[in-house]
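Numbering (the numbering used here), first residue to last: 107 to 400. Every residue gets a Cβ at the ideal spot worked out from N, C-alpha and C, and that includes glycine. Data first, discussion second: the structure below is written as structure tokens.
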Amino acid sequence: MIKSAIVPVAGHGTRLLPATKSQPKEMLPVARKPIVQYVVEELVKNGIEQILFVTGRSKTSIENHFDHDPELARALHASNKHDLLSELDFEEMRTHFFYTRQRLQKGLGDAILCGENFAGEDAFLVALGDSILGLNASSRVVTRMAEIFEAKRASCVIAVEEVPPEETGHYGIVQPEHLDGDAFRVVDLIEKPAPEEAPSNLAIAGRYVFSPLIFDMIRRIQPDKRGEIQITDAIRLLCEEGKRVMAVKLPPGEKRYDIGNFPSYFETFVEFALADPVHGAAFRKVLERLLAGQ
Ligand code: G1P
Numbered sequence: 107m108i109k110s111a112i113v114p115v116a117g118h119g120t121r122l123l124p125a126t127k128s129q130p131k132e133m134l135p136v137a138r139k140p141i142v143q144y145v146v147e148e149l150v151k152n153g154i155e156q157i158l159f160v161t162g163r164s165k166t167s168i169e170n171h172f173d174h175d176p177e178l179a180r181a182l183h184a185s186n187k188h189d190l191l192s193e194l195d196f197e198e199m200r201t202h203f204f205y206t207r208q209r210l211q212k213g214l215g216d217a218i219l220c221g222e223n224f225a226g227e228d229a230f231l232v233a234l235g236d237s238i239l240g241l242n243a244s245s246r247v248v249t250r251m252a253e254i255f256e257a258k259r260a261s262c263v264i265a266v267e268e269v270p271p272e273e274t275g276h277y278g279i280v281q282p283e284h285l286d287g288d289a290f291r292v293v294d295l296i297e298k299p300a301p302e303e304a305p306s307n308l309a310i311a312g313r314y315v316f317s318p319l320i321f322d323m324i325r326r327i328q329p330d331k332r333g334e335i336q337i338t339d340a341i342r343l344l345c346e347e348g349k350r351v352m353a354v355k356l357p358p359g360e361k362r363y364d365i366g367n368f369p370s371y372f373e374t375f376v377e378f379a380l381a382d383p384v385h386g387a388a389f390r391k392v393l394e395r396l397l398a399g400q
């Protein structure tokens with residue numbers, strides 16, 4: 107079982123300016139909850155017991171969100187707003203939260219390296235804080251990844267999803283040894299290749315299981331053209347060293363919601379709002395009216 111997760115949330119979120127000027131993109135709401143709450147709920151449902159957030163300046167609201175707010179609870183009690191109090195139930199999660207800062211923005215690989223002491227000698231999960239897996243974070247893919255990690259004695263297991271071939275330039279893309287069921291070996295991977303250079307249309311979907319071996323790989327790779335240390339390059343080095351790198355495909359019908367850019371943020375918000383048990387049906391009517399131009 108994998109018990110520890112590193113959640114990198116240090117990025118500036120520049121693709122979402124001005125919304126992210128003074129607040130983390132991971133705290134933007136999707137329907138009722140901030141994005142990062144879905145991510146944490148998914149991890150907890152998959153057996154994660156401790157989470158390290160790799161943060162940066164202006165990310166303190168993430169820490170506040172997962173902390174108790176006794177004053178707010180008292181005020182809701184005093185005014186008998188018990189239904190609203192239950193909205194704070196997530197504060198009772200028995201997860202242990204840890205926080206560290208990535209002091210310079212040197213890429214995702216460098217952010218993960220900040221978790222080396224936290225991970226210790228055990229395998230761990232990395233979950234990107236701007237990706238929700240499955241509607242309402244219902245995905246079990248992380249559990250499947252942990253099973254494959256153990257069964258295949260892998261050094262790394264990556265969640266992947268199929269993307270339209272013209273979109274490979276937005277993602278890390280894997281080269282499978284041969285496609286066989288939902289889990290297969292990866293022989294190479296490239297960060298954000300042009301469509302004509304992409305070895306497949308299977309994109310890295312923001313969840314990784316690693317053995318601690320990855321930290322040495324991160325230290326050994328060179329930064330890319332923009333000075334960023336890419337985790338994709340560190341995984342590539344694992345492949346070159348003959349270590350077993352596996353990929354697990356998201357099951358059919360299970361989507362990854364990427365909040366890193368406005369079009370997919372808008373789409374995610376609308377899809378989650380439509381699925382809201384209380385307001386979804388009424389919101390659907392509003393949307394239909396708006397789309398009919400009335
Ligand atoms: C990162 C990874 C990329 C992955 C993507 C998923 O890119 O580097 O390999 O496919 O997340 O969201 P970013 O979106 O941070 O540029």
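Check: Between which two residues does the beta strand (DSSP E) carrying E267 extend?; Outcome: 262 to 268
Check: Would you report the Cα separation of T226 and I141, rounded to the nearest angstrom?; Outcome: Correcting the residue identity first, residue 226 is Gly in this sequence and not Thr. Their backbone Cα atoms lie some 28 Å apart in a straight line.
Check: Compute the distance between the beta-carbons of I154 and V232, then report whether it is under 7 Å.; Outcome: no
Check: Pairs of beta-carbons, one from the stretch 116 to 129 and one from the stretch 358 to 370, closer than 8 Å: are there three or more?; Outcome: yes
Check: Using DSSP with H/G/I as helix, E/B as strand and the rest coil, what is P369?; Outcome: helix
Check: Could you pull the start and end residues of the alpha helix (DSSP H) that G215 belongs to?; Outcome: 214 to 219
Check: Measure the beta-carbon distance from A289 to F255 and round it to whole angstroms, keeping in mind my assumption that it falls under 8 Å.; Outcome: Wrong, their Cβ atoms sit about 10 Å apart, outside the cutoff.
Check: Any idea what DSSP makes of M323, helix, strand or coil?; Outcome: helix
Check: Is it a yes or a no for the stretch 330 to 337 touching the stretch 374 to 391, going by three-plus beta-carbon pairs under 8 Å?; Outcome: no
Check: Cβ of Y277 within 6 Å of any heavy atom in the ligand G1P?; Outcome: yes
Check: With a threshold of 7 Å on Cβ separation, who are the neighbours of M251 within its own chain once the five nearest residues in sequence on each side are excluded?; Outcome: V263, A265, R313, V315, V354
Check: Here's the rule: buried if 16 or more other CB atoms are within 10 angstroms of the residue's CB, otherwise exposed. What is L149?; Outcome: buried
Check: Name the residue from K298, P305, Y363, E302 whose alpha carbon lies nearest to the alpha carbon of K416.; Outcome: The shown model of the chain, from 107 to 400, leaves out residue 416, and the question about it has no answer.
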